[in-house]
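Visitor:
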Amino acid sequence: NAGVTQTPKFQVLKTGQSMTLQCAQDMNHNSMYWYRQDPGMGLRLIYYSASEGTTDKGEVPNGYNVSRLNKREFSLRLESAAPSQTSVYFCASDGVRGRFGETQYFGPGTRLLVL
Amino acid sequence: AQTVTQSQPEMSVQEAETVTLSCTYDTSESDYYLFWYKQPPSRQMILVIRQEAYKQQNATENRFSVNFQKAAKSFSLKISDSQLGDAAMYFCAYRRKGTDKLIFGTGTRLQVFP
């Protein structure tokens with residue numbers, strides 16, 4: 001199993017450009033999440049999806065949109081990138097069953113630089 | 001609102017020694033989970049250990065163990081026989097059972113010296 005995968009690993013954007021970060025999981029998890037991590041801070045939740053077809057705002061949703069394409073995939077879109085969105089973005093997923101139910105597993109992260 | 005506090009921005013330990021990282025949290029809930037995640041320079045977030053609040057026994061995973069004090073709302077991580085590969089950022093996190101949100105502390109950077 002690959003677990004949680006993210007593409008791209010690194011991206012440079014100019015202010016105003018748009019892009020979509022892709023995330024996929026092969027663990028048959030229902031819930032998926034997008035976080036951002038800034039220097040000196042823990043991870044902050046941007047959006048999450050408790051199940052296919054549903055999405056909800058997290059702590060810092062402004063400037064982002066998400067799509068839960070199917071059970072495996074959850075994408076994050078920046079419509080008009082701003083320098084304040086320079087960050088490392090993590091996707092995560094979790095399920096409710098098993099020894100580690102309700103435990104989030106993370107992808108490797110996408111480092112985004114907005115100039 | 002629930003909060004997680006890691007009061008040690010940086011810690012250091014000698015190889016083979018033991019180190020304890022502190023975490024406190026604030027919640028009015030009684031059923032929840034607590035986690036420690038490790039983030040090495042690769043930036044990958046790796047689950048180290050998980051504790052369920054209704055279990056009195058402290059969780060252990062090989063060289064990693066926790067001291068869970070529910071009344072004091074304290075959840076410290078003890079790393080025994082520290083290794084160079086343990087050098088990383090460590091994040092404490094809280095999750096109320098049955099909810100989707102994971103709340104992170106600001107992290108502790110652990111350095112391991114040979």
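Line by line, the protein sequences are chains A and B. The opening position of the first sequence corresponds to residue 1 in the working numbering, with each subsequent residue numbered one higher. The opening position of the second sequence corresponds to residue 1 in the working numbering, with each subsequent residue numbered one higher. Positions of the beta carbon are idealized from the N, C-alpha and C atoms, including for glycine.
1. What does DSSP give as the partner residue(s) for I103(B) in the beta ladder?
2. Could you check what DSSP says for L113(A) in three-state terms: helix, strand or coil?
3. Using a C-beta cutoff of 8 Å, does Y33(B) count as contacting chain D?
4. Determine whether the beta carbon atoms of K73(B) and T24(B) lie at a separation below 8 Å.
5. Evaluate contact between the region 47 to 60 of chain A and the region 23 to 39 of chain A, counting only Cβ atoms and requiring at least three cross-stretch pairs below 8 Å.
6. Give a yes or no on whether the C-beta atoms belonging to M19(A) and G3(A) are separated by under 8 Å.
7. Could you tell me the boundaries of the beta strand (DSSP E) in which K38(B) lies?
8. Does DSSP classify S84(A) as helix, strand or coil?
9. Under a three-way DSSP split, which group does L21(A) fall into?
10. Going by alpha carbons, who is nearest to S51(A) out of C91(A), Q85(A) and G95(A)?
11. Return no unless some Cβ of chain B is closer than 8 Å to the Cβ of T20(A).
12. Interface residues of chain A around D100(B) at Cβ under 8 Å?
13. Hey, is P8(A)'s beta-carbon within less than 8 Å of any beta-carbon in chain B?
14. Within its chain, find whatever has a CB closer than 8 Å to the CB of M11(B); leave out the 5 residues flanking it on each side and keep chain order.
15. Quick one: Cα of R95(B) to Cα of F74(A), how far?
16. Excluding sequence positions up to five away, which residues of its chain have a Cβ less than 7 Å from the Cβ of A87(B)?
Guide: Let me lay it out:
1. Y94(B)
2. strand
3. This model lacks chain D altogether; the protein chains it does include are A and B.
4. yes
5. yes
6. no
7. Y32 to Q39
8. helix
9. strand
10. G95(A)
11. no
12. S31, Y33, Y48, A50 and D56
13. no
14. V19, L21, T108, R109, L110 and Q111
15. 21 Å
16. L110, Q111 and V112
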